[in-house]
Each structure stands twice: as C-alpha cells, then as structure tokens.
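In what follows, a structure is listed as structure tokens, so that the remarks can point back to it.
Protein chains in written order, with the working numbering: chain C, 33 to 493; chain W, 1059 to 1353.
Okay, structure coming up:
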C-alpha cells in the first residue's frame, strides 16, 4: 500500500534566511551545474539582531505547519520542554518512543511544530533557557523515526521530514547562540559570570586507555595497526565526562579564516540547493561544488566536512557555553558554529533528496556529496567524512594506508559490538527487528568508516 | 484417544517439572538460532522413531544494566526453551530431552544459562559466558534476505550422567566453539525460507568415571525451513519519493517490522556427531511443523 505524501514548501526555509544581494552571474568554468551555480548571499548569523530575526522567521514557519493541529498537548509537557541534551537523546530512547506513541503518527510533524512553539511561547522556564529544548527533543524524535526507517509513516516524504527536522534544530541552535552571544558580550564588557567546570576545563578521558587496550587486543594479529590506534585515539581527543570528539581540532578550524570561508560558502550553497532542487539531479554535484569552493583541495574538503560532521549538537552544546563564559564566543565563531551545526543535518537532508533508487526494491544510493568514484547505500555520510579526515591525519603521520584502514576497522568493530548492547533493546522497545538489522547495519557502518579512511589516506601523503 | 490424552498430560507435566528442575540447577547451553526472537512451538517426528514437541520464548524479565535512569525498562534478553520427546515404536513415556533457561541469549553474548540436555549426556549444565562475533556475509540495511556467519565460544560446567545417555558419569569443565551460518531468503512479502547450519566442538576436562579425563564432541547440524506470514496487515509498505532526475514519484518497498505470526509449513533438520566420547547420541534427521510469533 502506498503512503500518501503531503509536501512542504522547503524552499521557504531558505528564503526566510534573508537574501541580501544576488551575485552577478559567473561564466561557466566546468561541466558541473553545481560547481558553477551562482549562490545568493545569505544573512550571516553572527549578530544578535540577525539571530533574533531568524528565530522570528522560524516561529512563523513552524506556525504555518502547525495550523493543522491548533491544540496539541502531551501528558508531560514539563518534561517535553525541559532540559534535554545529546546524552539524553543517546541514552533514553524509551521516553522518546513513548512520546511518539502518544501522538497520531500521521500528525506527528504538525504536532511537533505546535509543541515546539508552545515550549517557547507558553511555558515558564526556570533554568535560564528559552524553551529551545522542546524543539531539540522534537527534532530528535523525528531523527529517531528516520534512522529506524519510519520517517515516511508521518505521511510526508522522508526528505521533507528531514527538512522539517532541520528547522527545529535551527530554532534550537539559533536560540542557544542568541543567549550565549549575549553572555559572551557581557563577559567581554566586564560583567563577571560564574560557571561550573566545563568542557574547556575537562581532563583527557582516562577511559580512552581502556579503549586503546581493547582495540590493541583486536589488533593482536596485526601489530602494525597498534601505533595507528594510539594516534587515532589521541586525534579523537576525548575528554572526561564528555562525548565530544575532535574538540581541539574543531577549535583550530574555527581559528582558520580559510576553513571558515569554505564553511560559509558551503552553507550558502546548501541553502541555494533548497531553492533549486533541480541541481540535485547531477551525480556527485555537491562534491563538485566542494571542489570549486576549496580550489580542488580534497584535503580541506574532508577536514571541514569531517569536523563539522562532529560539531552538530555534541560539540556545539559543550563548547558554545564554555566559550561564552570566557567571553570567547566571537561573532565569527558564533557564525561558524551556526553553519557547522546546521550543515551536519542539511547534508543529510539534501543527500536523501538527491539519492538514486538502488539496485533492489528497498535501498537508495547516496552519491551527491561523495567523490566521483564513490557511492553508498548507507545514509551516514558523517561516518565517511569523519574517517576520511582521520585517515588523512594518520597518513600525514607516515602510517601506511593498509594499517590505517585496518585500525579504523578494528575500532569500528569494537564500537559497533558495544553498540549492539544498546541497539537490541532500543529496537525491541520500538517493536522493530532487534537482532539481524542492528548486526547488518553495524557492519555496514564499519565498512563506510573504512571507505572514508581509505580515501583520506589516499589524498594525504 | 484416552492414551493420547493421558500421554499429552504427562508430557506437559513432565515438561513443566523439567523446566523447574533446569532453573534450579546448573547446566550447559547448546548452540541454536539466536537471530530470531519471539515465541514458537514446533512438533515433528525423527528417524530414531520418536515424536518431539518443542517450545521457545524470549521474555522480558531482565532490567537493562545501568538502571532505570539509563534505560527505564526491561529487555527481551531471557530465553526459555524446552524439547520433549516420546518413543513411537513402541509408544513410550514422554521424556524431556532438553530444557534451557538463559538470562541473556543474544547473537553476540550469552550470559548465565542453565540446561538439561540428553543429547549431550548432561543431567545439568551451566553456560557461564559465551562471546560470538556475528559477521553478515550477505544482506543490506532494510533488506529482507541475509546470510550471517557467527563464530565464538563459551565456557561452562557439565554434570554428565548415564541416566541421561552420557557415556559415563562425571563432572567436567567444558568449552564449546561454534561456527554457524544463519540465512533467510524472502521469497515474497509473506513467504520465506530459513537455513541454519552449524558446527560445534565441545572439549570437556574433569572427573569422568572418578578419573581425571578428557572428552569431546564434534557435532554438525543443519536445518532448512519454510515459513508463511499469516498476520493481518501487509508485511510491506510502499514509500514514495520524488526522483531528482525526472521529478516523477517513485516507490521503494519497506518492511512493516514488528512481531508477526508465521506458520512453519515444514522444517527438515539433520544432526551428525562424527566425534563423540561424552554421550551415546546417534545421528538423526527430523521433520517438523510449527508456529511462531516473533521477529
């Protein structure tokens, strides 16, 4: 039985960003329409006035979607609007699923729009937040449907559900940045803000040693992988009590004007794609654009996208308040966090929209943001880019490609094996196949990790 | 008719008693299908002129490690199973051939199982821990056909008894290495074929006939079964999307996951033990029918 589709006006999400000027048309320099596309200048989100405008625009967008559900309440609105972090998202699937079962599935998108608005407009907040957690929780719930292949059961196309999810995440990011930018300005103006120890105070993760030993055990039959694993774990730069990977490398990227230029140009291009979805028909078009933006520097492309793939809401939530408390959240860094956090989700949304039908009746082939030689039926683009970045950094330290790919495979195997312990009960709760699918998906993730690492090792000498 | 009724009652009573016995005593687990989860009952006949009945259930009694704050609910990790048999020529008394209770029986981890298993000559046995690596050889995310290889080993204890067809009485520490191929092929939305082929090698060391001795069993088994999904509601849904090249709507097929009621129309099993110094079990073949409600 076919599911009916209720389309969104996704282009609206880009137009409300506020186009300031249109660049004059450039001459075509390559056969790629994406590489030569003339992209609008979007309003940079680096000032409180811009962020306030964007929050108002997003409220308007959500209100438009929520019209179909004028009154939406769930049993525990206080919990829905209350504190919610990435850690809760990762570890509490049962409450998320119970929330979803409270809402008619075919009205869940519209209901989440209404609930997110109610959290921001009608709820009393006691923790200094502005109700943005409701938007984050709603976005997570839709993500939860997506990565369990249930997004279509909302009655919208999968890509449209992701676009709506992205508007919720954007509302969350804009609200947090608005508050933290104000705090950072106050600190710079001499107002003292007391804060608890945070990410920038945290020590290195001692449990990383355990990880190293486990991974070393897996590599016992391949001793050349051992030093690679050591360096890989250092590169991850995990901190005590935090999940955020690549924290130091991310801050370095934020200090690099050219990396920030690439990030902003890429973000503008993503919004341009929402206005011009016909560009998504070009095989590997997004990669062609990346090559244009970076001047054919694949190393910079995998560094910027590899790191922004980690920024999304883990590094964002840990680093942004820590910088603000020290008065270090500058307009340039705020803009970078805005663009990096949202790009993580927008690549996924656009990749889903651009995907080709697969060779069988159930899969899609993702190609748009990958190099010409590569495509995959795995939607987790960030696995490829994360590991392409890691593979590149490890190759620069002189390790052979085979050892890098082997080590990334070993640590991926360990991670996915541990993940099974969570995935099986998660999927039982959702009444989805709890055993075979997590195994197949876990190994597919290891494979895409290794593909990314192999590419990174090839382009960096 | 009266004989059948009495026999069934005895079978049920005997099965229940044996299950209680197995729960209260230690034993060792045997390899089986850990990729399908749910409730099933099967019945059939074997080449050793015995009828058998088998029931299996994965139940949620174990709270998730880490407590309520982390997970807030139990997990369907605990497996209960029992197989009873009865001689057909001449008609004999029902006997529990195998019974197992295991706290966690997942594809990759087995924890704390107790078992009674005549085929292994074990009055009781305990599987302390088993670790396995499942490796998908065929299959894709969202696919309905797959082939998964599993390899690993467990450690445990066995009480061998000639009363339950062991070669000798004894108490041994044992380890079983397993290599299996588990496959499912979707013939259509409702019809599927499953296959499970495995080889195990059990090495046991301990007191056998009051002497320190070593014993071992190499076993090979295979099973092919045909299932039809008889649940209400389509097992497949069509997911529409806009093709980026043509702008037209295309559809892909997605499985409506969840527990489904399936009838096992036929299963054919075979079991051979080319090396066996622990039990008196012979090579057998079995034909079965059954029903399952599960994944």
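Backbone N, C-alpha and C fix where the C-beta goes; we use that ideal spot for every residue, glycine too.
Report the three-state DSSP secondary structure of residue i (helix, strand or coil).
i                      : result
residue 54 (chain C)   : For residue 54 (chain C), the predicted model reports a pLDDT of 48, less than 50, meaning its position is unreliable; a value from the coordinates is still stated below. Residue 54 (chain C): coil per DSSP, three-state reduction.
residue 457 (chain C)  : helix
residue 284 (chain C)  : helix
residue 1201 (chain W) : coil
residue 172 (chain C)  : helix
residue 448 (chain C)  : helix
residue 324 (chain C)  : helix
residue 1235 (chain W) : strand
residue 1140 (chain W) : strand
residue 351 (chain C)  : helix
residue 1147 (chain W) : coil
residue 491 (chain C)  : helix
residue 1265 (chain W) : strand
residue 1346 (chain W) : strand
residue 378 (chain C)  : helix
residue 333 (chain C)  : helix
residue 1224 (chain W) : strand
residue 1260 (chain W) : strand
residue 402 (chain C)  : coil
residue 1120 (chain W) : strand
residue 234 (chain C)  : coil
residue 257 (chain C)  : helix
residue 1270 (chain W) : strand
residue 1073 (chain W) : Because residue 1073 (chain W) sits at a pLDDT of 45, beneath the cut-off of 50, its placement in the model cannot be relied upon, and the point is left open.
residue 299 (chain C)  : helix
residue 1324 (chain W) : strand
Cutting at 6 Å between CB atoms, please list the residues of its own chain near residue i, excluding the five before and the five after it.
i                      : result
residue 1113 (chain W) : 1099 and 1140
residue 428 (chain C)  : 492
residue 235 (chain C)  : 272
residue 323 (chain C)  : none
residue 227 (chain C)  : 357
residue 259 (chain C)  : none
residue 1247 (chain W) : 1293 and 1294
residue 286 (chain C)  : 365 and 368
Does the separation of the CB atoms of residue i and residue j fall below 9 Å?
i                      : j                      : result
residue 231 (chain C)  : residue 354 (chain C)  : yes
residue 148 (chain C)  : residue 166 (chain C)  : yes
residue 462 (chain C)  : residue 127 (chain C)  : no
residue 1252 (chain W) : residue 1270 (chain W) : no
residue 1154 (chain W) : residue 1142 (chain W) : yes
residue 1296 (chain W) : residue 1311 (chain W) : yes
residue 294 (chain C)  : residue 265 (chain C)  : no
residue 1006 (chain W) : residue 1214 (chain W) : Only positions 1059 to 1353 of chain W appear in this structure, which leaves residue 1006 (chain W) out of reach.
residue 1193 (chain W) : residue 1209 (chain W) : yes
residue 1264 (chain W) : residue 1230 (chain W) : yes
residue 382 (chain C)  : residue 318 (chain C)  : yes
residue 71 (chain C)   : residue 297 (chain C)  : yes
residue 118 (chain C)  : residue 131 (chain C)  : no
residue 138 (chain C)  : residue 186 (chain C)  : yes
residue 121 (chain C)  : residue 370 (chain C)  : no
residue 1378 (chain W) : residue 1274 (chain W) : Any property of residue 1378 (chain W) remains undetermined from this structure, which presents chain W solely from 1059 to 1353.
residue 384 (chain C)  : residue 1133 (chain W) : no
At a Cβ threshold of 9 Å, is residue i touching chain B?
i                     : result
residue 175 (chain C) : Of the protein chains in this structure, namely C and W, none is chain B.
Taking 8 Å as the limit between beta carbons, can you name the residues of its chain near residue i, skipping five residues before and five after?
i                     : result
residue 448 (chain C) : 474, 475, 477 and 478
In its own chain, which residues sit with a C-beta less than 7 Å from the C-beta of residue i, not counting the 5 before and 5 after it?
i                      : result
residue 1227 (chain W) : 1218, 1219, 1220 and 1267
residue 1289 (chain W) : 1318 and 1319
residue 1354 (chain W) : Outside the shown range of chain W (1059 to 1353) lies residue 1354 (chain W), about which nothing can therefore be said.
residue 210 (chain C)  : 80, 83, 84 and 87
residue 455 (chain C)  : 470
Requested in this report: Kindly confirm or deny that the stretch 407-422 of chain C and the stretch 83-90 of chain C touch, where touching means at least three C-beta pairs closer than 8 Å.
Outcome: In this structure the stretch 407-422 of chain C does not touch the stretch 83-90 of chain C; the number of beta carbon pairs closer than 8 Å is below three.
Requested in this report: For the stretch 58-119 of chain C, list the alpha helix (DSSP H) runs that are entirely contained and at least 4 residues long, ordered along the chain.
Outcome: Entirely contained in the stretch 58-119 of chain C, the alpha helix (DSSP H) runs reaching 4 residues are, in chain order, 65-68, 80-98 and 109-113.
Requested in this report: Check whether the stretch 469-479 of chain C touches the stretch 1185-1201 of chain W, counting contact only when three or more Cβ pairs, one atom from each stretch, lie closer than 8 Å.
Outcome: The stretch 469-479 of chain C makes contact with the stretch 1185-1201 of chain W; the number of CB pairs closer than 8 Å reaches 3 or more.
Query raised in the report: Between the stretch 1280-1295 of chain W and the stretch 161-175 of chain C, do at least 3 Cβ pairs fall closer than 8 Å?
Result: Between the stretch 1280-1295 of chain W and the stretch 161-175 of chain C, the count of C-beta pairs closer than 8 Å stays below three; the two stretches do not touch.
**Report entry** Three CB pairs or more closer than 8 Å across the stretch 1090-1110 of chain W and the stretch 1332-1352 of chain W
**Finding:** The stretch 1090-1110 of chain W vs the stretch 1332-1352 of chain W: in contact.
Query - Uninterrupted beta strand (DSSP E) stretches inside the stretch 1157-1214 of chain W (no shorter than 3 residues) - result: Qualifying beta strand (DSSP E) stretches, in chain order: 1167-1175 and 1180-1196.
Query raised in the report: Are the stretch 195-206 of chain C and the stretch 396-411 of chain C touching by the rule of at least three beta carbon pairs closer than 8 Å?
Result: No, the stretch 195-206 of chain C is not in contact with the stretch 396-411 of chain C.
Query raised in the report: Would the stretch 135-145 of chain C and the stretch 89-108 of chain C be scored as touching if the rule is three or more Cβ pairs under 8 Å?
Result: They touch, by the three-pair rule.
Query raised in the report: Contact between the stretch 336-349 of chain C and the stretch 276-284 of chain C: three or more CB pairs below 8 Å?
Result: Short answer: they touch.
Query raised in the report: Can at least three beta-carbon pairs, one atom from the stretch 304-323 of chain C and one from the stretch 1296-1305 of chain W, be found at a separation below 8 Å?
Result: With the cut-off at 8 Å, the stretch 304-323 of chain C and the stretch 1296-1305 of chain W touch.
Report task. Could you tell me which uninterrupted alpha helix (DSSP H) segments, each at least 4 residues in length, are contained entirely in the stretch 1273-1297 of chain W, listed from first to last along the chain? Result -> Complete alpha helix (DSSP H) runs here, min 4: none at all.
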